[in-house]
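A.B. asks: Handing you this structure, nothing more for now.
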Amino acid sequence: MPQPLLKVEHLKKTFPVESSGWFKKNEVKAVHDVSFDIYEGETFGIVGESGCGKSTTGRTLLRLTEPSGGKVIYQDQDIFSLKEKNFRPIREDLQMIFQDPLASLDPKKRIGYSLEEPFIIQKKGTKKERKEMVLKMLERVGFSEEHYHRFPHEFSGGQRQRIGIARALVLNPKFIVCDEPVSALDVSIQSQILNLLKELQQDFGLSYLFIGHDLSVVRYIANRIGVMYLGEMVEQAPTEELFENPLHPYTKSLLSAVPVPNPKVKRERIVLKGEVPSPLDMPKGCVFHTRCPLAMDICKEIKPPTYKVKENHRVQCHLYEHSEVSEADGA
Amino acid sequence: MDNNKHLLDIRGLKVSFWTEKGRLTAVEDATFSIKKGETIGVVGESGCGKSVTSESILQLHDEQLTDYEGQILYKDRNLLDEPERKLRKIRGNEISMIFQDPMSSLNPVFTIGNQLVESLMLHRKPSKKAAYEKAIDVLRQTGIPSPEKRIHDYPHQLSGGMRQRVMIALAISCEPELLIADEPTTALDVTTQAQILDVLNELQEKTAMGIMMITHDLAVVAETCDRVVVMYLGQVIEETTVDQLFENALHPYTIGLLKSMPSMESDRSDQLFEIEGTVPALENIPTGCRFADRCPFATNKCLQEAPVLENATVSHKVRCWNYEEIALERGNGYATTTS
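Each protein sequence line maps, in turn, to chains W and Y. My numbering applies: residue 14 is where the first sequence begins, and numbers increase by one. My numbering applies: residue 264 is where the second sequence begins, and numbers increase by one.
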């Protein structure tokens, strides 16, 4: 098996919250013990509903927020243990594309400058070289030289997302976290951006972590998918396997809830009862037991380990207890 | 078609706004109708005028900055000619609306009970006690657990899905004949979306109200609607039954939209279809067909002359000069959505 480019082990992120008690410290477990690998040239998708911790996972593993626990192994070192000074050169390889491209571009700076800034931060190239590289990248994502001097507000949503992509790519990274990059876009623009992301992946040999809530989009772009619920990754499998043979009851209901753009197909929906519990007050045992149609007594008490049902298919559910428990690293 | 059966009949609606950039026409020549018990989907991308159309039915735009032309016939009366006094009796009573973002459409300083009772008292004038009972009853109908407790909650105490249920409860409390749902599930997660769509479906079966479902999500249309109106840059460009639309779309824009959607069944290795370019701005609308410069089938005629909405078949209208050739080219069997 090829070595993973990035190995995420037991990632944890908690946020402190103001508590009602005097001496009690409260915290929200946004991401709780999440492990997965990302291989070279592949796209790993994370799906889940709002508040499940998918964006926090992406941000934490790039250290955009400091992690509360776990490891991320990149090039044989744990990037969480590095000092900021030593980590900075590695940031070049690890980039991010954000959901809202307008909010992530400085409105007072011309596009050219916004794209050159990564070079300035990394102290790379002369002014002339930087401009050359930026123009080349702008051209690659479908702009011409005149756009170099424009401001973000002069572009449409889809164009801004192309600029966001160009900025993530200028330093020639190896790995990009795409945090809902097409969620704010219309269908016809969405397909342009998805195609562009796929092309760039081929041309530059990139690996993506693609975070999304739209399952049909993630299915289209990802090679493997992890499903998150309430801060935990409850299932992960190759895309085809996950869609043909979902194992976790949550994945099953999530897949059945996706509307099908075909009026002739009437699918049996598994409509979940109730709501996602508050992450302030996590249920004991399995995180999903409060809404699970198949919950057993054991689910209310004991948190299920991750079972390895097939070589690439892992699920965190007591229903599969006959299967082998996956080794602790969750690889 | 029997005209009397139409609950709402919109004819040649034109809506323009006075803005800093001058007079902009957001909707031009919108024509469609809704029958009792029917769900009609209005789809299109941002800026196509779908929300403007729906808000024009109840005239929710700033009256000083908005010009309406055409007719919106409801029970044989043109709503555009009705005085404000009469419109008030219709708003929230006979025709009501669900908005996309429930947090900004509910009043944060009143309990949901207050807000439900307010609209009931305004239109139905029951006793306060009866109004509260009715409010609890409609909350229960939308699937809110223990409504007698929830009724004392403020909007911030509820989750997004629950707030949307409250919005629905507000909208249906006076048993409207027509419910306008403007992107009712766009802000929600898929599992919550499934719950909300189920609620709307059940209510419709019970009350036979007409639903106008405004959405950009064609998959939601496929699951909920009977007929679909597709809008592009302020115009209705295609109108047909939902089955016809997905099997046999005629307008190049609709065909493009259907093809560019990644679906749960499509081939993942295929490139997604792209519609070239972007939607033109309202201040510089093309003279000919509004879709011409993005259209793969465009001819010289398309660039010069604006097409009109014609009947392709009895139940299928399309605004395109070349729809016959397009239908021929796509073959008798008609290309599927995933081609």
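Glycine residues also receive a C-beta, built at the ideal position from the N, C-alpha and C atoms. A quick note: this is a predicted structure, and the numbers were derived from the prediction, not measured.
#1: Output the distance between the C-alpha atoms of ASN585 (chain Y) and CYS558 (chain Y), rounded to the nearest integer angstrom.
#2: Which residue comes first and which comes last in the alpha helix (DSSP H) that contains GLN567 (chain Y)?
#3: From what residue to what residue does the alpha helix (DSSP H) around ASP310 (chain W) run?
#4: What distance in whole Å lies between the Cβ atoms of PRO186 (chain W) and GLU105 (chain W), which are believed to be in contact at a cut-off of 8 Å?
#5: Give me the Cβ distance between LEU207 (chain W) and ILE234 (chain W), rounded to the nearest whole Å; I'm assuming they're in contact under 8 Å.
#6: Do you know how far the Cα of GLY58 (chain W) is from the Cα of TYR320 (chain W)?
#7: Determine which residues share a DSSP beta bridge with TYR320 (chain W) and list them.
#8: Which of the residues in the segment 516 to 527 of chain Y, read from start to end, lie with their CB under 9 Å from any CB of chain W?
#9: Which chain Y residues sit within Cβ distance under 7 Å of PHE282 (chain W)?
#10: Going by beta carbon distance, what residues of the same chain come within less than 8 Å of SER367 (chain Y), once the five residues before and after it are set aside?
#11: So, helix, strand or coil for ILE548 (chain Y), using DSSP?
#12: I want to see whether chain W comes within less than 8 Å of GLY300 (chain Y), judged by CB atoms only; does it?
#13: Since ASN39 (chain W) sits in a beta bridge, which residues does DSSP pair it with?
#14: Taking 8 Å as the threshold (beta carbon to beta carbon), is HIS269 (chain Y) in contact with chain W?
#15: Which value, in whole angstroms, describes the spacing of the CA atoms of ARG72 (chain W) and VAL60 (chain W)?
#16: Here's the rule: buried if 16 or more other CB atoms are within 10 angstroms of the residue's CB, otherwise exposed. What is LEU77 (chain W)?
#17: With DSSP as the reference, identify every bridge partner of HIS579 (chain Y), one or two as the case may be.
#18: Given a cut-off of 8 Å on the beta-carbon distance, is the pair THR288 (chain Y) and ILE474 (chain Y) in contact?
#19: Relative to the C-alpha of GLU55 (chain W), which candidate in W:PHE28, W:ASP119, W:LEU213 has its C-alpha closest?
#20: If PRO447 (chain Y) and TYR417 (chain Y) are in contact, beta carbons under 8 Å, what's the gap, nearest whole angstrom?
#21: Take GLU587 (chain Y) as the anchor and find which of Y:HIS514, Y:LYS522, Y:ILE538, Y:SER526 has the nearest alpha-carbon.
#22: Are the C-beta atoms of SER336 (chain W) and some chain Y residue less than 8 Å apart?
#23: Taking the straight line between their C-alpha atoms, what separation do you get for ASN616 (chain Y) and PHE280 (chain Y)?
#24: Are any of the Cβ atoms in chain Y nearer than 8 Å to that of VAL230 (chain W)?
#25: Rounded to the nearest angstrom, what separates GLU501 (chain Y) and VAL289 (chain W) at their Cα positions?
#26: Taking contact to mean at least 3 C-beta pairs separated by less than 8 Å, is the segment 175 to 192 of chain W in contact with the segment 216 to 235 of chain W?
#27: Find the nearest neighbour of PHE28 (chain W) within the set W:ALA181, W:GLY244, W:ASP216, W:SER336, judged by alpha-carbon distance.
#28: Pick helix, strand or coil for LYS289 (chain Y), following the three-state DSSP scheme.
#29: Locate the beta strand (DSSP E) running through LEU442 (chain Y), then write down its first and last residues.
#30: Look at the alpha carbon of ASP325 (chain Y) and the alpha carbon of PHE554 (chain Y), and state the distance between them as a whole number of angstroms.
#31: Would you identify the three-state DSSP class for ARG553 (chain Y), choosing helix, strand or coil?
#32: Within 10 Å of its beta-carbon, does ALA293 (chain Y) have 16 or more other beta-carbons around it, so buried, or fewer, so exposed?
#33: Just to check my reading of the structure: PRO365 (chain Y) and ARG413 (chain Y) have Cβ atoms closer than 8 Å, yes? What is that Cβ distance to the nearest angstrom?
#34: Since GLY170 (chain W) is in the alpha helix (DSSP H), which residue starts that stretch and which ends it?
#35: How about VAL493 (chain Y): is its C-beta nearer than 8 Å to some C-beta of chain W?
#36: How far does the beta strand (DSSP E) with HIS302 (chain W) in it extend, from its first residue to its last?
C.D. replies: Working from what's here:
#1: Along the second sequence, one-based indexing puts residue 585 (chain Y) at 322. Along the second sequence, one-based indexing puts residue 558 (chain Y) at 295. The alpha-carbon atoms of ASN585 (chain Y) and CYS558 (chain Y) are separated by roughly 11 Å.
#2: Walking along the second sequence from the start, residue 567 (chain Y) turns up at place 304. Start and end: 563 to 567.
#3: Along the first sequence, one-based indexing puts residue 310 (chain W) at 297. 310 to 314 is the span of the alpha helix (DSSP H), which, as asked, contains ASP310 (chain W).
#4: Locating residue 105 (chain W) in the first sequence gives position 92, where the first residue counts as 1. Locating residue 186 (chain W) in the first sequence gives position 173, where the first residue counts as 1. Rounded to the nearest angstrom, the Cβ distance from GLU105 (chain W) to PRO186 (chain W) is 7 Å, consistent with a contact under 8 Å.
#5: Within the first sequence, the letter at position 194 stands for residue 207 (chain W). Within the first sequence, the letter at position 221 stands for residue 234 (chain W). Separation of the CB atoms of LEU207 (chain W) and ILE234 (chain W) is rounded to 6 Å, and the pair is thereby assigned contact status at 8 Å.
#6: Within the first sequence, residue 320 (chain W) is the residue found at index 307, counting from 1. Within the first sequence, residue 58 (chain W) is the residue found at index 45, counting from 1. The alpha-carbon atoms of TYR320 (chain W) and GLY58 (chain W) are separated by roughly 20 Å.
#7: Taking the first residue of the first sequence as 1, we reach residue 320 (chain W) at position 307. BP columns for TYR320 (chain W) point to W:VAL328, W:VAL338.
#8: Against chain W - using a Cβ distance shorter than 9 Å - the residues of the segment 516 to 527 of chain Y are TYR516, GLY519, LEU520, LEU521, LYS522, SER523, MET524, PRO525, SER526, MET527.
#9: Here residue 282 (chain W) refers to the residue found at position 269 of the first sequence. Here residue 282 (chain W) turns out to be Arg, not Phe, going by the sequence shown. The answer, in chain order, is ALA457.
#10: For the purposes of this step, residue 367 (chain Y) is taken as residue 104 along the second sequence, with counting starting at 1. Around SER367 (chain Y): no qualifying Cβ.
#11: In the second sequence, residue 548 (chain Y) corresponds to position 285, counting from 1. ILE548 (chain Y): coil per DSSP, three-state reduction.
#12: Numbered from its first residue, the second sequence carries residue 300 (chain Y) at position 37. By this cut-off, GLY300 (chain Y) is not an interface position.
#13: The residue given as residue 39 (chain W) occupies position 26 in the first sequence. According to DSSP, ASN39 (chain W) bridges with W:VAL30.
#14: Position 6 of the second sequence, counted from the first residue, corresponds to residue 269 (chain Y). HIS269 (chain Y) does not count as touching chain W.
#15: Here residue 72 (chain W) refers to the residue found at position 59 when the first sequence is read from its first residue. Here residue 60 (chain W) refers to the residue found at position 47 when the first sequence is read from its first residue. Rounded to the nearest angstrom, the two C-alpha atoms are 15 Å apart.
#16: In the first sequence, counting from the first residue as 1, residue 77 (chain W) sits at position 64. Exposed, because fewer than 16 other Cβ atoms sit within 10 Å of the Cβ of LEU77 (chain W).
#17: Residue 579 (chain Y) sits at position 316 when you count from the first residue of the second sequence. Bridge partners of HIS579 (chain Y): Y:THR576.
#18: The residue given as residue 288 (chain Y) occupies position 25 in the second sequence. The residue given as residue 474 (chain Y) occupies position 211 in the second sequence. Result no, Cβ atoms of THR288 (chain Y) and ILE474 (chain Y) do not sit closer than 8 Å.
#19: By one-based count along the first sequence, residue 55 (chain W) stands at place 42. Considering only alpha carbons, the answer is W:LEU213.
#20: As a position in the second sequence, residue 447 (chain Y) is number 184, starting the count at 1. As a position in the second sequence, residue 417 (chain Y) is number 154, starting the count at 1. Distance from PRO447 (chain Y) to TYR417 (chain Y) at the Cβ level is roughly 21 Å; contact not present, criterion being Cβ atoms closer than 8 Å.
#21: Within the second sequence, residue 587 (chain Y) is the residue found at index 324, counting from 1. The shortest C-alpha separation from GLU587 (chain Y) is found at Y:HIS514.
#22: The residue given as residue 336 (chain W) occupies position 323 in the first sequence. Taking Cβ atoms only, chain Y never reaches closer than 8 Å to SER336 (chain W), which makes this a no.
#23: The question about residue 616 (chain Y) has no answer here: the residues shown for chain Y are numbered 264 through 602.
#24: Locating residue 230 (chain W) in the first sequence gives position 217, counting from the first residue. Yes, its Cβ sits closer than 8 Å to a Cβ of chain Y.
#25: Stepping through the second sequence from its first residue, residue 501 (chain Y) is reached at position 238. Stepping through the first sequence from its first residue, residue 289 (chain W) is reached at position 276. Their Cα atoms are separated by approximately 40 Å.
#26: yes
#27: The residue labelled residue 28 (chain W) in the question sits at position 15 within the first sequence. Cα-wise, what sits closest to PHE28 (chain W) is W:GLY244.
#28: In the second sequence, residue 289 (chain Y) corresponds to position 26, counting from 1. According to the sequence displayed, residue 289 (chain Y) carries Ala and not Lys. DSSP places ALA289 (chain Y) in strand when its eight states are reduced to three.
#29: Along the second sequence, read from residue 1 onward, the residue named residue 442 (chain Y) stands at position 179. 441 to 445 is the extent of the beta strand (DSSP E) around LEU442 (chain Y).
#30: Sequence index remark: in the second sequence, residue 325 (chain Y) carries index 62 (1-based). Sequence index remark: in the second sequence, residue 554 (chain Y) carries index 291 (1-based). Taking the straight line joining both Cα atoms gives about 29 Å.
#31: Within the second sequence, the letter at position 290 stands for residue 553 (chain Y). Coil at ARG553 (chain Y), not helix or strand.
#32: Taking the first residue of the second sequence as position 1, residue 293 (chain Y) is located at position 30. Classification for ALA293 (chain Y): buried.
#33: Here residue 365 (chain Y) refers to the residue found at position 102 when the second sequence is read from its first residue. Here residue 413 (chain Y) refers to the residue found at position 150 when the second sequence is read from its first residue. About 14 Å separates the beta carbons of PRO365 (chain Y) and ARG413 (chain Y), which is beyond the 8 Å limit, so they are not a contact pair.
#34: Locating residue 170 (chain W) in the first sequence gives position 157, where the first residue counts as 1. Segment 170 to 182, the alpha helix (DSSP H) holding GLY170 (chain W).
#35: By one-based count along the second sequence, residue 493 (chain Y) stands at place 230. No, VAL493 (chain Y) lies away from the interface with chain W (no Cβ there is under 8 Å from its Cβ).
#36: Against the first sequence, residue 302 (chain W) aligns to sequence position 289. From DSSP, HIS302 (chain W) is part of no beta strand (DSSP E); its letter is neither H nor E.
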